[in-house]
Amino acid sequence: MFKNGLFSVFSFLLFLPAPLLAAEPFLIENGQPRAEIVISAQPSRTTRLAAQEMQTYLEKISGAKLKIVDEPTADYPVKIYIGSSTHTQKLGITAEGLKYGAYRIVSGKNWLALIGDDTDFVPIEPWPRSNNDIASGKMQEAWDEITGEHWGYPHSQLRKHYTGATSLFGTPGEQKDDKNGNVNVWGFDERGSFNAVCGYLRSLGVRWYLPGDLGEIVPELKTIKLPEIDQVVEPDFPLRTLNFRFAVYGRDAAMWGMRLGIREPYGRQAAHGLDHMTHNDYTLKNHPNWFALYGDKRDTQQGKRLNQLCYSNEELFQETVRYVRAQFDHFKMDEVSVMPPDGYTAICQCELCKGKDTPERGYRGAFSDYVWDFVNRVAKEVRKTHPDKRISNCAYGTYTQPPLHIDKLEPNLQVIIVGGRRPTSESREELAQLRQDWAKKTNLPVIIFENYPFTGRGFYLPAYIPQVLGDSINATKGTSQGEDIWLTMDFGENAIGYNHFLIYFTARMYWGGKDQNAVEMFDEYCRLFYGPAAPAMREFFTYCENHWREMEKDGDKAERALNLFASAKSTVDEASVYGQRIRLVDLYLNGLRNKSKQLAQKRGPVPTLRLVGDPRGEIQIDGKLDDKLWKNIPTASTGQLRELQTGRQPIYGTSIKSCWVGRDLYFAIRCEEAPGETPNSTTTKKEDQAIWYGDAVEILLNTESHSYYQIVVNPKGAVIDLDRGADRNNWFRWDSQAEVATQIADGYWTAEIRIPVVSDENDPLHQVIGHKPTQSLPWYINVCRQRIRENGSEYSAFAPTGTAGFHEPMKFAHFYRGLSHQFPADESVTDYLIADRAANQLLRKRKYAAAEEAFVALSEIKKITEIQKSTALENAAGCARALKDYDRANQLADQIPVESIAKTVRMENLLSQRDFQAVIDQFEKEDLNQWPFWQAGAGASVRARAYYGLKNGQKAEADFQQALALTPDSRLKSGILVMMGNNREMNLQDDKSALDAYQQNYINAGRIGSADQFRSVQGAIRILIRQKKYDEAMQVLDLVKIADLKGVWRHEMMLSQASLLSASDQVDQAANVYRELLKDPSVATGQRQAAEAALAELNQK
């Protein structure tokens, strides 16, 4: 007999221990209950849960439902005691000594006891019953009142660890059971007796491989004998945290985690405690010296995701000690985190911090002494008042390696090694050495912190690695207190086919001792979970364990894995339980299928930068860019940067030039700046990662020999270079030996760079390895820029990536020496930039409905950034306005996530309906200087037009000025100049400044051909006529070359010409121009009427 595809009674009995087979009497006999479940009259939550679990699964196994009672009855001969009670006390059975989820299963003549620590968690006030308690500031206010300080409230996520309604918890209306009768529990509850029940059920053959019914293996047994047993089972680690936040992931996931034997005790913190303490507006404003100094500014910008700290600041040290003690005293914490904020890559540059870093140790040891000295001093001070408590810090990022100048850490300092057992790491020996190095520094066993599976962050590779998982966990037994694993995942269909595998084998390896055998568990998993497909699935998984990492770049291996899986899939009926389980793996493998297609793809449409000829001469690296070679550089070797995500023209442009002389590659880069504003340089040192807190340009070089190099330069000439083709831990060991010079001038800064290139690969730590790129063996490069300000950041690139980052090698531009060549682009490649170009093409053709649909579809693509989504919806709203569908335009504005863009669109929507007053009523108080600088110009332009419509000349002028300064597009800038001229002429009655605005649109413009240029010519002629400067007006008109014009602007210019002739008393000539105009049948009605009226007036003279 099978149930859910499970094994038969006979095959199951073969695996039972002999004592279980020999035991008498029965718990269940021939499908009838012979026992009852007995619990305390006042049971804990998890005791009730354990009893419920025992009842549920014995019924699933046998069909018999055992009663749960709190007093034994005479109805059944056998008693199953679950949890501590007066009944177990009479038997002399207690939970004493059963710590960390350990349990005891013991039987007597007519009873079976399953017992462990079932202590209920009791949350300490104040704690949030809902998100509103956090968002409203209620928790923060309560915490501030307790402490008298303004430290961040530390328990904002507490409510997410309860399965029931937290709003009712602890009240008379508490929901002790959910609507389905399931016991509500906290993730922090101790579950010793529940573990005992699960252990017993496992001995009967029950398995839980993934959440829900589909994931469980339940044997069918009509008779279950009372076992003869006395067994204590202890976990290998006290800490077994896989972060199943019960209220987030749901009941099935919560039950699965508990059945696997996880344990997340209350009272400990792991990550970024100092961020929780300091990352609030009050602290940023009132304690700026607590924060790191970069350049000449403290890292106190409000609204940033992260603000780094100064660990030499004595006040921060003393405040941290007080913060830790307050948590120990009030929240009864056992372990409080004193870990820096995330993303810590640049040490504070104040005088007190100088020289405290150790960059010679490489990235993972660069700040070890600096950070761990601070944390160790906090531990020492805290121990004076709380010797039985601990503080913690993670070995992470730039402080992963142990400090060199501390022989032994304070005994109350808990080391948590991030990635200390990472199963997907290539460097398991290095990780073992790292654990050993830390063991020498502390007497406390370390804790391992991991982030996996990574499916929530885009991980797609089939890293089914049971043996590696087992070996890596066994290697830490006896030297580690356990693990804290953050699950960056969901439990939906698309990833659970992979996630369940890692979670199951990880959690079950936390039990069983050093001899726990993952391979045996894996064989059982394949056999029980996939039935007839087991041999083929085992072959698939084994191939993946050996080759999964290579599948990221090797399409053949990816295809091989997919073919093995397809073969396994074909062995079972899709509708069967085995087929449904295999379907989950199938869904996960869609990521690998997509990657396999990408590996077969070639580069999509990207720009080209071409080296022309073999230039001779010398370039002096001084940052001036005035060498003859630069002045005479062919256009093909130059380029302009565009905004990284959308491809638009950036507010502050950047031009590049490149040439190859001898064996050296040269770049000349000019970065436009706001006049009078100094570039933001945050370091002057080489290899200082503070460089990324300020302005910088980056050169990314993927040579024909190596992928890829990164060279970063800031306005002060500081350089940092990385070999991104190396292991991440060794990125910063590479030295490009580039020669760099920069110059800062008013309105721009420049960088001049010489990069030596060698073909010899024997010294991979120095210089760029490669040969001069050719058409057949091109390089792929990108030149990028970041401009960082308090009111926004702008990122641009020669080859925009269509993402939020520079590091997209398949988006890099073609770079080669040779004749002009069009590299083929793979038409199957699609991305935001390509789709945006297609939508804009519809817009240019005035197919507004189709364009709107295309822009809306663009806003809904996956992995889109907020700026991209906002830009797409902004364009869609513009299409709706063109169709005069203003309600639709407003609906689209409401969907825009970037507030400043949404406000700009709302202003545009009102302006297009000529509701100037509504624009001002709603947006007059907007301080556009506080907007992101890359959007402030657009907002100012719209509001200026509203002021102009209301004849408020002064305010219109101020907004036009701001718009002009922050508008890079020459076409848009031309329109602003026309409106500015109109405002000065009509509203301010200032002909002189109006003429100046108009003239900027046509003087030195070369050919005049745009509508705004023609309007500027008209405006200038009007003013010059009023000033009686007829000769100057005629000179302006001559710039237009009326005879060469056609259509509406020929007619407009003829009207201006006739007006000028009439004003200068050349009446006959004026009349002739009017008559010539009226002979043209294509003249528009308005122009014809103007000519007729003017001619009639002349005839009266």
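Residue numbers (the numbering used here): 4 to 1104. Quick reminder that beta carbons are idealized off the backbone N, C-alpha and C, glycines included.
Per DSSP, the bridge partner or partners of SER395: SER395 is bridged to SER340 and GLN417.
First and last residue of the uninterrupted alpha helix (DSSP H) at PHE926: Taken as a continuous stretch (DSSP letters only), the alpha helix (DSSP H) holding PHE926 covers 919-926.
In whole angstroms, what separates the C-alpha of ASN876 from that of ALA199? Rather than Asn, the amino acid found at residue 876 in this sequence is Leu. Their Cα atoms are separated by approximately 56 Å.
Alpha helix (DSSP H) segment containing TYR1, residue limits: Lying outside 4 to 1104, the shown extent of the chain, residue 1 is not represented and no answer is given.
Using 8 Å as the threshold, is the stretch 227-239 in touch with the stretch 301-316, meaning 3 or more CB pairs across them? Touching, no.
If GLY656 sits next to GLU675, beta carbons under 8 Å apart, how far is it from one beta carbon to the other, in whole angstroms? Sure, about 5 Å apart at Cβ, within 8 Å.
Determine the DSSP secondary structure at ARG530, reduced to helix, strand or coil. The answer is helix: DSSP assigns ARG530 an H, G or I state.
Using the Cβ count rule (16 or more neighbours within 10 Å means buried), how would you classify ARG790? Burial call: buried.
Do three or more CB pairs link the stretch 321-329 to the stretch 352-368 at distances below 8 Å? Cβ pair count under 8 Å is below three, so no.
Those residues which DSSP pairs with TYR448 across a bridge: Reading off the sequence, residue 448 comes out as Pro, not Tyr. According to the DSSP secondary-structure assignment, PRO448 is paired through a beta bridge with no residue.
I need the straight-line Cα distance from SER139 to SER170, nearest angstrom please. C-alpha separation (whole angstroms): 16 Å.
Indicate the three-state DSSP secondary structure (helix, strand or coil) for GLU496 in the structure shown. It is helical.
Figure out for me which residue from ILE1006, ARG1029 and TYR546 has the closest Cα to the Cα of GLN1038. Selection ILE1006, ARG1029 and TYR546 evaluated against GLN1038 yields ILE1006 as nearest (Cα-Cα).
Run through the stretch 803-858 for me and flag every whole alpha helix (DSSP H) of 4 or more residues, listed as ranges in chain order. Here the runs fully enclosed are 835-847.
How is ALA671 classed by DSSP in three states: helix, strand or coil? Three-state result, ALA671: strand.
Residue of ASP440, VAL449, ARG431 and ALA961 minimising C-alpha distance to VAL471: Closest by alpha carbon: ARG431.
I'd like the span of the alpha helix (DSSP H) that includes GLN1072, first residue to last. Residues 1070-1082.
Rounded to whole angstroms, what's the CA-CA distance from PRO827 to TRP782? Just pull it up for me. Using only the alpha carbons, I get a separation of about 15 Å.
Between the alpha carbons of ILE118 and VAL832, how many angstroms are there, rounded? Near 60 Å, if we compare the C-alpha coordinates of VAL832 and ILE118.
Measure from the alpha carbon of LYS383 to the alpha carbon of each residue in ALA67, THR323 and GLN352, then state which is nearest. Nearest of ALA67, THR323 and GLN352 to LYS383, Cα basis: THR323.
With respect to the alpha helix (DSSP H) encompassing TRP114, which residues constitute its N-terminal and C-terminal limits? DSSP places TRP114 outside any alpha helix (DSSP H); the residue lies instead in the beta strand (DSSP E), whose first and last residues are 114-119.
Among LEU263, MET1057 and VAL1051, which residue has its Cα nearest to the Cα of ASP1041? Nearest C-alpha to ASP1041: MET1057.
For LYS300, which beta-bridge partners are listed by DSSP? In DSSP, LYS300 forms a bridge with TYR297.
From GLN604 to THR641, what does the alpha carbon distance come to, in whole angstroms? Distance between the alpha carbons of GLN604 and THR641 is about 28 Å.
Can you tell me where the beta strand (DSSP E) holding LEU161 begins and where it ends? LEU161 -> no beta strand (DSSP E), and no H or E assigned at all.
Given the structure, does TRP375 come close to the ligand ADP, in the sense that its CB is under 7 Å from one of the ligand's heavy atoms? By its list of ligands, the structure shown contains no ligand whatsoever, and the ligand ADP lies outside what it can speak to.
Please report the Cβ distance between PHE29 and LYS228, rounded to the nearest whole angstrom; I am assuming they are in contact, meaning their Cβ atoms lie under 8 Å. Between PHE29 and LYS228 the beta-carbon gap is near 5 Å, inside 8 Å, which marks them as a contact.
Where THR706 falls: helix, strand or coil (DSSP): In this structure, THR706 counts as coil in the three-state DSSP scheme.
How far does the alpha helix (DSSP H) with PHE320 in it reach, from first residue to last? Run containing PHE320: 317-333, per the alpha helix (DSSP H) assignment.
Inspect the beta-carbon positions of VAL381 and VAL341 and report whether they are closer than 8 Å. Result yes, Cβ atoms of VAL381 and VAL341 sit closer than 8 Å.
Burial state of HIS408, where buried means 16 or more other Cβ atoms lie within 10 Å: Looking at its Cβ environment, which holds fewer than 16 other Cβ atoms inside 10 Å, HIS408 is exposed.
Spell out the partners DSSP gives PHE29 in its beta bridges. According to DSSP, PHE29 bridges with LYS228.
Would a C-beta distance cut-off of 8 Å place GLY881 and GLN648 closer than the cut-off? No, Cβ-Cβ distance for GLY881 and GLN648 is not below 8 Å.
Between the stretch 803-823 and the stretch 919-936, can you find at least three pairs of beta-carbon atoms closer than 8 Å? Output reads no: the stretch 803-823 does not touch the stretch 919-936.
Neighbour-count burial assignment, LEU309, 16 or more Cβ in a 10 Å radius: That one is exposed.
Terminal residues of the continuous beta strand (DSSP E) containing THR753? THR753 -> beta strand (DSSP E) spans 751-761.
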